[in-house]
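Enquirer: I'd like to ask some things about the structure below.
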Amino acid sequence: TGKSMIDELIADHAPRLIVTGTFNPAVLLHAIAEVESGHGDYGQAIRHEGSYCYGSILYKGPNGAELRAATQRWGCLAHCSFSSFQIMHIAALECGYDDGDPIALRNDFVALPYVIRYINRRILAKHPRITVEAFADAYNSGRPDDDIVPHEYIAKFVKAYAKWTMAIDPPGVLGT
2 TGKSMIDELI
12 ADHAPRLIVT
22 GTFNPAVLLH
32 AIAEVESGHG
42 DYGQAIRHEG
52 SYCYGSILYK
62 GPNGAELRAA
72 TQRWGCLAHC
82 SFSSFQIMHI
92 AALECGYDDG
102 DPIALRNDFV
112 ALPYVIRYIN
122 RRILAKHPRI
132 TVEAFADAYN
142 SGRPDDDIVP
152 HEYIAKFVKA
162 YAKWTMAIDP
172 PGVLGT
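Residue numbers for the sequence shown follow the numbering used here, beginning at 2 and rising by one.
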């Protein structure tokens, strides 16, 4: 069929995204993978997220208890993101990841169900009429309505979303 492993994985999991409006769930996942890992080219990479590290506001803040506990167990791996979708270990824990071992999240098959839960819970359920730009902001920084606006990330995401909107055949990718 010419599809890569990540294409097949996205096709299998995209229907689990609870999208409204004109969003194509497969395009969202392809765009995330494109921006975060070169569409899987760097999917095995582990990215340390300094804003979650020891001494950061997020680490020391009132909502940092789970992060501090994960850090005691896993060290700096608790501050990292994993897989082609670069899900944070702490986000996966929040979404029910009970294996705990951050390294297992390097595997897209392990990580993607938690990416889906994260997107559904933290972004789509809270912002049902979200724009592509606000979605990118929320995926990158946690919320679309905070003081952190990753302009470069948003621009890359919008470009990737447009590319994948034009590049895929929805029946073949979505499995509908």
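Backbone N, C-alpha and C fix where the C-beta goes; we use that ideal spot for every residue, glycine too.
Computed from a prediction, not measured in an experiment: that's the story for all the values here.
Buried or exposed: where does A66 fall if 16 or more other Cβ atoms within 10 Å of its Cβ makes it buried?
Expert: Under this definition A66 is an exposed residue.
Enquirer: What's the C-alpha gap between A12 and E37?
Expert: Computed Cα separation, rounded: 18 Å.
Enquirer: Any idea if Y140 is buried or exposed, counting beta-carbon neighbours within 10 angstroms, 16 or more meaning buried?
Expert: Classification for Y140: buried.
Enquirer: Tell me where the alpha helix (DSSP H) around S142 begins and ends.
Expert: Run containing S142: 133-142, per the alpha helix (DSSP H) assignment.
Enquirer: So, under 8 Å CB-CB, A71 and A79 are touching, yes? Tell me the CB distance rounded to an integer number of Å.
Expert: 4 Å between Cβ atoms; contact.
Enquirer: Have a look at H90, Y53, H40, V28 and flag the residue whose alpha-carbon is nearest the alpha-carbon of G101.
Expert: Answer by Cα proximity: H90.
Enquirer: May I have the straight-line CA-CA distance separating P41 from A32, to the nearest angstrom?
Expert: Going by the sequence as given, residue 41 is Gly instead of Pro. The alpha-carbon atoms of G41 and A32 are separated by roughly 11 Å.
Enquirer: At 3 residues or longer, and completely inside the segment 85-140: list those beta strand (DSSP E) runs for me, N to C.
Expert: DSSP runs (the beta strand (DSSP E)) wholly in the segment 85-140: none.
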